[in-house]
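Asks: Reminder that position 8 of the first sequence reads as 10 in the numbering used here, one-by-one numbering, no gaps.
Before anything else, here's the structure in question.
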Amino acid sequence: MATRKAASHNSGELRLRPLRRAALPAATRALARFLIGKYVVHDVPQGRLCGRIVETEAYPPGDAAGHAYIGETRRNRALFLRRGHAYVYFAYGSSYLLNVSSESRGVGAGVLIRALEPRAGIAEMERRRGSKRLRDLTRGPGRLAEALGVDLRQNGVDLCGHGTLRLASDGRKPGAIGRSVRIGITKDAHRLLRFYERGNPYVSGSRRLNH
DNA sequence: AGTGCGATTGACT
DNA sequence: GTCAATCGCACTA
């Protein structure tokens, strides 16, 4: 039984299939929920960096808290691509944040990837992060982007294509999914648009929000 | 050219 | 738990 558990939770045998665009739900909230348990893969010169998504936030069309709310600008352009494209931006002078565009071309909405469970390339991710505690390697949107080597170069790339950065699935269903308000915003702060896998140690946020 | 403000993080009490 | 660093962006003039 110990071996069974190891097989399901360790990175040893990781069979991933690319996520085709047609498999992505065509609405922002549904996509945010769908992405829990899926994978972000980034192939870099040092090898494959990969994490399982355990926390997301939806920023639907017309959401005052979303970057697309002000209309299309040079910075948020990628949010207006059809679903499945990367929107990466630089926040607080220190962190890159990775989002997945989530609606039809021209609409403007996205899903923020807030936390990953490290699955492959852990040594290289630790090197890129300056080797902190494993628990903090990809817990938080800025941290996971740094670990995966995601920055403005990936802004606008197709995550359902054949590029080095893409989404994937292991075909398994995730554990129980919890919801809460979104973290770090002030507008529309009451909406329950944050999704996370219950009990997963790599989920960010306070105990109160992760109940 | 100047201003205000974050979809955060790491250091610290 | 609290708090400030940090800088690109959008907006005003």
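Backbone N, C-alpha and C fix where the C-beta goes; we use that ideal spot for every residue, glycine too.
Fair warning: this is a prediction, and the values are worked out from it, not measured in the lab.
Give me the Cα-Cα distance between R19 and L161, rounded to the nearest whole angstrom.
Replies: 13 Å
Asks: Nearest by alpha-carbon distance to F36: which of I187, A191, A178 and D190 is it?
Replies: A178
Asks: Report the three-state DSSP secondary structure of H44 (helix, strand or coil).
Replies: strand
Asks: Report all residues from its chain with a CB closer than 7 Å to the CB of V56; omit the five preceding and five following residues, and keep chain order.
Replies: I38, A117, L118, E119, Y198, E199, N202, Y204 and V205
Asks: Between which two residues does the alpha helix (DSSP H) containing P27 stretch?
Replies: Counting along the chain, P27 falls outside any alpha helix (DSSP H), and DSSP gives it neither H nor E.
Asks: Ignore the nearest five residues each way along the sequence and tell me which others in A9's own chain have a CB closer than 6 Å to its CB.
Replies: Confidence in A9 is poor, its pLDDT being 38 and thus under 50, which makes the residue's placement too unreliable to answer from.
Asks: Which residues does DSSP pair with A2 in a beta bridge?
Replies: Not covered by the structure: residue 2. The range shown for the chain is 3 to 213.
Asks: Exposed or buried, R210, counting other C-beta atoms within 10 Å across all chains shown (16 or more means buried)?
Replies: exposed
Asks: Would you please state the rounded distance, in angstroms, between the beta carbons of L81 and S103? I believe it to be under 8 Å.
Replies: 5 Å
Asks: Less than 8 Å between C-beta atoms, sequence neighbours within five positions excluded: which residues of the same chain meet that for T166?
Replies: Within the same chain, and ignoring the five residues on either side of T166 in sequence, the residues whose Cβ sits closer than 8 Å to its Cβ are H44, D45 and V46.
Asks: Restricting to Cα atoms, I'd like to know which of P176, Q156, L100 and S208 is closest to K40.
Replies: P176
Asks: Under the three-state reduction of DSSP, which class applies to G144: helix, strand or coil?
Replies: G144: helix per DSSP, three-state reduction.
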